[in-house]
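J.:
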Amino acid sequence: MPHSMKLALAATLVALCVAPAAAEAESLLYVKSGNVFVSETDGSGEVQLSNDGHGAWPSGADNGTVAYQNESDGKIYVLAANGSLDHSMTTPGTYQFGQPQHNRISPDGTKIAYDILLDGFNYRTYWTPTSSTNINTPNQTSGQEDYGTPSWFGGDKLLLSHVEQTVTEEQPEFTFYHAGDADNTEQSWFRQDPSSFTATGYDGAISRDGAHIALLENDAAGSGSTTPQHVSLLLLTTNGPPPAA
Numbered sequence: 009m010p011h012s013m014k015l016a017l018a019a020t021l022v023a024l025c026v027a028p029a030a031a032e033a034e035s036l037l038y039v040k041s042g043n044v045f046v047s048e049t050d051g052s053g054e055v056q057l058s059n060d061g062h063g064a065w066p067s068g069a070d071n072g073t074v075a076y077q078n079e080s081d082g083k084i085y086v087l088a089a090n091g092s093l094d095h096s097m098t099t100p101g102t103y104q105f106g107q108p109q110h111n112r113i114s115p116d117g118t119k120i121a122y123d124i125l126l127d128g129f130n131y132r133t134y135w136t137p138t139s140s141t142n143i144n145t146p147n148q149t150s151g152q153e154d155y156g157t158p159s160w161f162g163g164d165k166l167l168l169s170h171v172e173q174t175v176t177e178e179q180p181e182f183t184f185y186h187a188g189d190a191d192n193t194e195q196s197w198f199r200q201d202p203s204s205f206t207a208t209g210y211d212g213a214i215s216r217d218g219a220h221i222a223l224l225e226n227d228a229a230g231s232g233s234t235t236p237q238h239v240s241l242l243l244l245t246t247n248g249p250p251p252a253a
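Our numbering puts the first residue of the sequence shown at 9, with every later residue one more than the last.
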């Protein structure tokens, strides 16, 4: 996917996750030339938050805390509200675990959700307390097998999309679960039929109140290619909290 398209899609998805406070408190987080930036929703007042050149998946909490992944060392970096580095989270460092991806900090800033490719085949979503300095996979939480691209809504719920590496086409099935529940079990919510082509990749982001979903679909996930030929961005509305859809 062209770099400009990635930035545009990332900005669209992040726009659904801005803080639901007064307009002056809303902001956009995005990556440009490998570094994390924050700006007003109209693009003004841009401030650079990182300079390592490997930033990815920036996410902000309502209290101003920011978390992003460094794709070079695999760590998740947590920044204080003033932009200074608070601490970083180290990864397991063993061969069967990939780097965390799609990391998203909860609205209250207490938890960070992410997915990891296990054994090179299966994705699984986990969450870790923001205060943690390591990702103790798989002992930190139970994890949601074959579901990824987490997106927070409410204070403790995650929207997850079905991710299955062992089939040629991913299932457009979305689910949710309450982070921190004793059983950590996902619950089916809805399925989305491909809009105008055979989509194999799905990535959803949900607004804080759960009323709106931005759904990115592409045709690259099951083909072994990282560059999709077709991409659609769908904007969906819900009829209430899960399981209504």
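For glycine and all other residues, C-beta sits at the position ideal for the given N, C-alpha and C.
#1: Enumerate in chain order the residues of its own chain whose CB-to-CB distance from Asn71 is below 7 Å, with the five nearest sequence positions on each side excluded.
#2: According to DSSP, what are the bridge partners of Lys119?
#3: Measuring straight from C-alpha to C-alpha, what distance separates Thr136 and Gly188?
#4: Whole-angstrom Cβ separation of Ser169 and Phe161, contact assumed at under 8 Å?
#5: Could you tell me the distance, in whole angstroms, from the CA atom of Ser58 to the CA atom of Asp154?
#6: Excluding the five sequence neighbours on either side, which residues of its own chain have a C-beta within less than 8 Å of the C-beta of Thr73, listed in chain order?
#7: If you draw a straight line from the C-alpha of Pro250 to the C-alpha of Ser52, how long is it?
#8: In whole angstroms, what separates the C-alpha of Thr174 from that of Pro236?
#9: Quick check on DSSP: helix, strand or coil for His62?
#10: Nearest to Tyr210 by alpha carbon, out of Pro66, Ile221, Arg216?
#11: With 16 other CB atoms within 10 Å as the buried threshold, where does Leu243 fall?
#12: In whole angstroms, what is the alpha-carbon distance linking Tyr134 and Leu224?
#13: Please go through the same chain and pick out, in chain order, the residues whose beta-carbon is closer than 8 Å to the beta-carbon of Thr245, but skip the five residues on each side of it.
#14: Which one of Ile214, Tyr76, Leu36 has the shortest CA to CA distance from Leu166?
#15: Of the residues Tyr122, Ser92, Gln77, which one's Cα is nearest the Cα of Arg132?
#16: Give the secondary structure of Ala88 by DSSP, where H, G and I count as helix, E and B as strand, and everything else as coil.
T.: This is what the structure gives:
#1: By one-based count along the sequence shown, residue 71 stands at place 63. So the qualifying residues of the chain are Ala89, Gly117.
#2: Reading the sequence shown from its first residue, position 111 is the one you call residue 119. Bridge partners of Lys119: Pro137.
#3: Residue numbering aside, residue 136 sits at position 128 when the sequence shown is read from its first letter. Residue numbering aside, residue 188 sits at position 180 when the sequence shown is read from its first letter. Going from the Cα of Thr136 to the Cα of Gly188 covers about 10 Å.
#4: As a working note, residue 169 is residue 161 in the sequence shown. As a working note, residue 161 is residue 153 in the sequence shown. Wrong, their Cβ atoms sit about 14 Å apart, outside the cutoff.
#5: To locate residue 58, count along the sequence shown from 1; it is residue 50. To locate residue 154, count along the sequence shown from 1; it is residue 146. Near 32 Å, if we compare the C-alpha coordinates of Asp154 and Ser58.
#6: Counting from one through the sequence shown, the residue named residue 73 turns up at place 65. Cβ neighbours of Thr73 beyond the five flanking positions: Val86, Leu87, Ala88, Ala89, Asp94, Ile113, Gly117, Thr138.
#7: Position 242 of the sequence shown, counted from the first residue, corresponds to residue 250. Position 44 of the sequence shown, counted from the first residue, corresponds to residue 52. Roughly 36 Å between the two C-alpha positions.
#8: On the sequence shown, position 166 is the one that residue 174 refers to. On the sequence shown, position 228 is the one that residue 236 refers to. Since pLDDT at Thr174 reaches only 47, below the 50 mark, its modelled position is unreliable, and no value is offered.
#9: Along the sequence shown, one-based indexing puts residue 62 at 54. Residue state, collapsed to three classes: coil.
#10: Within the sequence shown, numbered from 1, the residue matching residue 210 stands at position 202. When only C-alpha atoms are compared, the closest one is Ile221.
#11: Working through the sequence shown from its first residue, we reach residue 243 at position 235. It counts as exposed.
#12: Mapped onto the sequence shown, residue 134 falls at position 126. Mapped onto the sequence shown, residue 224 falls at position 216. Rounded to the nearest angstrom, the two C-alpha atoms are 21 Å apart.
#13: Here residue 245 corresponds to residue number 237 of the sequence shown, with the count starting at 1. Here the set comprises Ala219, His220, Ile221.
#14: As a working note, residue 166 is residue 158 in the sequence shown. The shortest C-alpha separation from Leu166 is found at Ile214.
#15: In the sequence shown, residue 132 corresponds to position 124, counting from 1. Ranking the options by Cα distance to Arg132, first place goes to Tyr122.
#16: Here residue 88 refers to the residue found at position 80 when the sequence shown is read from its first residue. Coil.
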